[in-house]
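Q: My questions will all concern the structure given below.
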Amino acid sequence: MGKRVVQLERAIFFTKLSVALTCSWPPSPLTTKNRLLLFNTLWCTAFASSVALFLPLLVAIYEYYKSPIILGKTVSLASAVAQVVIKMIICRLQQRRFQVSRLFFFQMLYFDMENFCKHATKTERMVLERYVDKYKYFHCIYILWSFITTAFVICGPLYSAQTFPTHAIYPFSVKHQPYNSLVFFHQSLVGFQASSGMGIDTQVALLLRYATARFELLGIQLRNAKNNSELNVCIQKHIELLRYTKEIRLSIKYLVLATIATTTIAVIFGSLNLIANQPLILKTLYAIVVFSASVELFMYAWPADGMMRMVMK
167 MGKRVVQLER AIFFTKLSVA LTCSWPPSPL TTKNRLLLFN TLWCTAFASS
217 VALFLPLLVA IYEYYKSPII LGKTVSLASA VAQVVIKMII CRLQQRRFQV
267 SRLFFFQMLY FDMENFCKHA TKTERMVLER YVDKYKYFHC IYILWSFITT
317 AFVICGPLYS AQTFPTHAIY PFSVKHQPYN SLVFFHQSLV GFQASSGMGI
367 DTQVALLLRY ATARFELLGI QLRNAKNNSE LNVCIQKHIE LLRYTKEIRL
417 SIKYLVLATI ATTTIAVIFG SLNLIANQPL ILKTLYAIVV FSASVELFMY
467 AWPADGMMRM VMK
């Protein structure tokens, strides 16, 4: 049982770690004021960092609109940065909504999941552990792939004429030190923030798979019910689970919409580099970017489909 506890905690911790650069995992409702202040400060810093690259990328899109190849690269990368900016805003608004209304919302969704895993019975742990074992490799590979993709983009200047990972245009000269190094570091940091933004998909997937496991546990409890009292308990839990899944839907629907919109743009413009007369290594790079954007949508569809199937059983 100890091993299961550790694995459950590791699954949650790994997901938290993957989204650390976006501050999308909400703080516990029981957190102290000092920790909440630190969280808010980190969020503002991360948000300002991503916006500080997004705006120069917009300028670059305007500047290079007559150069299809550079335009395709820039729009594709700007879409990735836009996605993390939008996701951070959505997660932040959901957290603020909870703080204003004090309702069972975004923070409580994750707090309930962590609390349930911490105090789960032996049977509950077995079911949760089975879900962890089934999906852990896919989630880990997806996260690692996201960060490796960014690493390939950052290394772009090594095999192209670019000075920086992107064609962002700044209102000041970046040809001399220390601005040159600072800009390169900042673009690299925002690139990893974009990877962390893709990690939000696994954060949502974790929530959906947890809800699926809860429905499976309810089905087991319902089959084992022996009297009206136990049946009433199952009915009450079913009502609570339906409420929980409704709150999940309300919390993630705009995240899904933002992901669909930005990944579609990234795939379309990123594909321009696949058909253009480019070196093979650059085509390979953007093939990886396009593939990563396509897989991102699957991260929502798979767990959502699994939960629908479990509810219908």
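Mind the numbering: the sequence shown is residues 167 to 479 in my numbering, read in order.
No residue lacks a Cβ here, since even glycine has one placed at the ideal position from N, Cα and C.
Keep in mind it's a predicted model, so treat the numbers as computed, not measured.
#1: Taking its Cβ as the centre, do 16 or more other Cβ atoms sit within 10 Å of Ser249, making it buried, or is it exposed?
#2: Checking 8 Å against the spacing of the C-beta atoms, do Lys253 and Ile366 come in under that value?
#3: With DSSP run on the structure shown, which of helix, strand or coil describes Leu374?
#4: By how many angstroms is the C-alpha of Leu373 removed from the C-alpha of Ala470?
#5: Are the stretch 349-367 and the stretch 179-190 in contact at 8 Å, needing three or more beta carbon pairs?
#6: Using the three-state DSSP reduction, which class does Ser190 fall into: helix, strand or coil?
#7: If His333 sits next to Ala226, beta carbons under 8 Å apart, how far is it from one beta carbon to the other, in whole angstroms?
#8: Does any residue of chain C have a CB that is nearer than 8 Å to the CB of Ile434?
#9: Measure the alpha-carbon distance for Val340 versus Asn346 and round it to whole angstroms.
#10: How should Val399 be labelled, buried or exposed, when 16 other C-beta atoms within 10 angstroms of its C-beta is the threshold for buried?
#11: Throw me the rounded Cβ distance for the Leu383 and Glu462 pair, which I believe falls under 8 Å.
#12: Taking a contact to mean a Cβ-Cβ separation below 8 Å, would you say Phe318 touches Ile454 in this structure?
#13: Could you say which of Asn281, Ile386, Leu423, Thr428 lies nearest to Val477 if we only look at CA atoms?
#14: So, using beta-carbon positions, are Leu219 and Gln353 closer together than 8 Å?
#15: Can the beta-carbon of Arg409 be found closer than 8 Å to that of Tyr297?
#16: Considering Pro222, what are the terminal residues of the alpha helix (DSSP H) in which it resides?
#17: For the alpha helix (DSSP H) containing Cys321, name the first residue and the last one.
#18: How would you call Cys283, buried or exposed, if buried means at least 16 neighbouring beta carbons within 10 angstroms?
#19: I think Ser458 touches Trp311, with their Cβ atoms under 8 Å apart; what is that distance to the nearest whole Å?
#20: Return helix, strand or coil for His333, following the three-state DSSP convention.
#21: So for Pro118, helix, strand or coil by DSSP?
#22: Can you list, in chain order, the residues of its chain with a C-beta nearer than 7 Å to that of Val241? Leave out the 5 residues immediately preceding and following it.
#23: Using 8 Å for Cβ pairs, my map puts Leu407 next to Arg389. What's the rounded Cβ distance?
#24: How big is the Cα-Cα spacing for Tyr420 and Cys257?
#25: Which word fits Pro234, buried or exposed, when buried means at least 16 other C-beta atoms lie within 10 angstroms of its C-beta?
#26: Taking the alpha-carbon of Gln328 as reference, which of Lys199, Phe350, Phe304 has the nearest alpha-carbon?
#27: At a cut-off of 7 Å, is Phe350 close to the ligand ATP when judged by its beta-carbon and the heavy atoms of the ligand?
A: The short version:
#1: The sequence shown places Gln at residue 249, not Ser. It is buried - the Cβ of Gln249 has at least 16 other Cβ atoms within 10 Å.
#2: yes
#3: helix
#4: 10 Å
#5: yes
#6: coil
#7: 5 Å
#8: The question asks about chain C, but that chain is absent: this structure has only one protein chain.
#9: 5 Å
#10: exposed
#11: Rounded, the Cβ-Cβ distance is 29 Å, inconsistent with contact.
#12: yes
#13: Ile386
#14: yes
#15: no
#16: 199-229
#17: No alpha helix (DSSP H) holds Cys321; DSSP gives it neither H nor E.
#18: buried
#19: 6 Å
#20: coil
#21: Beyond the ends of the chain as shown, which are 167 and 479, falls residue 118; an answer cannot be given.
#22: Ile227, Ile431, Phe435
#23: In fact, because the Cβ distance is near 16 Å, the residues do not count as touching under 8 Å.
#24: 10 Å
#25: exposed
#26: Phe350
#27: As presented, the structure is devoid of all ligands, the ligand ATP included, so that no description of it is given.
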